[in-house]
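This report refers to the structure that appears directly beneath it.
Numbering (the numbering used here), first residue to last: 29 to 283.
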């Protein structure tokens, strides 16, 4: 059986940090810079994709300059499990309330975001977000996912095609897509067998009583790749490995 192939959009930003986390989880990492990187020489597509943090307006410009925006949209629309962190969240959003001049987004996640809502880089910090079956909420509880907040965008509103999975101080810091029926889709990584293998405990280690359920498209404001916590990446890979996942939630969010 071939290894899982996870792509990291490698135009700008925290590419190496995400690649290291994915490599530690045992997957083949593909740095995506051109359309051809979305599939191998044999035509085999990626199993998962990460859009890293960085400068969302710069990444948007490079996507269009390199004629990568349309192929990327097509890959996500075809059901590619996708995680965006910080700038990646902004790229995935339906609406960017304070875009840079000419800035566009891919529009797959039914949310409205505001860039740099938490202030300048000097205001950056690290926090814990508790994991439960519905997603991520609260702070510091058992099963927490740890991540850095760096010039953090805020999710201002969540539409019917998504659900919030992370909050801090009353602000929404993460959302994931749900199926058209509203029942949600994705991989629930709580309890794969009696041994607990595949479950996400504290800091993403096996065991524990918590889980993180992702839809096919997920965006988070924080940076788990900088904290050494693989829980969110592991959940993305669990989704990619799930043969029964539904792709009904993969569509451009309605404006």
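Built from N, CA and C at the ideal position, the CB exists for glycine as well.
- Linking residue 126 to residue 83 through their CA atoms gives a straight-line distance of about 14 Å.
- In this structure, DSSP gives residue 188 a state outside helix and strand, which the three-state scheme calls coil.
- For residue 121, the enclosing beta strand (DSSP E) stretches over residues 121–124.
- For residue 174, the closest of 98, 34, 256 by C-alpha to C-alpha distance is 256.
- Each residue's CA atom was taken as its position, placing residue 49 and residue 253 some 6 Å apart.
- By the Cβ neighbour-count rule, residue 94 is exposed, with fewer than 16 other Cβ atoms within 10 Å of its own.
- Under DSSP, the beta-bridge partners assigned to residue 58 are 35.
- DSSP lists 182 as the bridge partner or partners of residue 142.
- In the pairwise beta carbon analysis, the region 129–136 is classified as touching the region 88–103: at least three pairs are separated by under 8 Å.
- Excluding sequence positions up to five before and after residue 43, its CB lies within less than 6 Å of the CB of 36, 80, all in the same chain and listed in chain order.
- Along the length of the region 90–115, whole alpha helix (DSSP H) runs at least 4 residues long occupy 97–105, reported in chain order.
- Counting only residues of its own chain and dropping the five nearest sequence neighbours on each side, residue 181 has a CB closer than 7 Å to the CB of 114, 117, 118, 141, 142, 143, 144, 145, 249.
- Here residue 60 is not near residue 51, since their CB atoms are 7 Å or more apart.
- In the three-state reduction of the DSSP assignment, residue 133 falls in the coil class.
- Out of 130, 112, 196, the CA that lies nearest to the CA of residue 153 is found in 196.
- Counting only the Cα atoms, residue 101 lies some 11 Å from residue 66.
- A residue is called buried once 16 or more other Cβ atoms fall within 10 Å of its Cβ, and residue 72, having fewer, is exposed.
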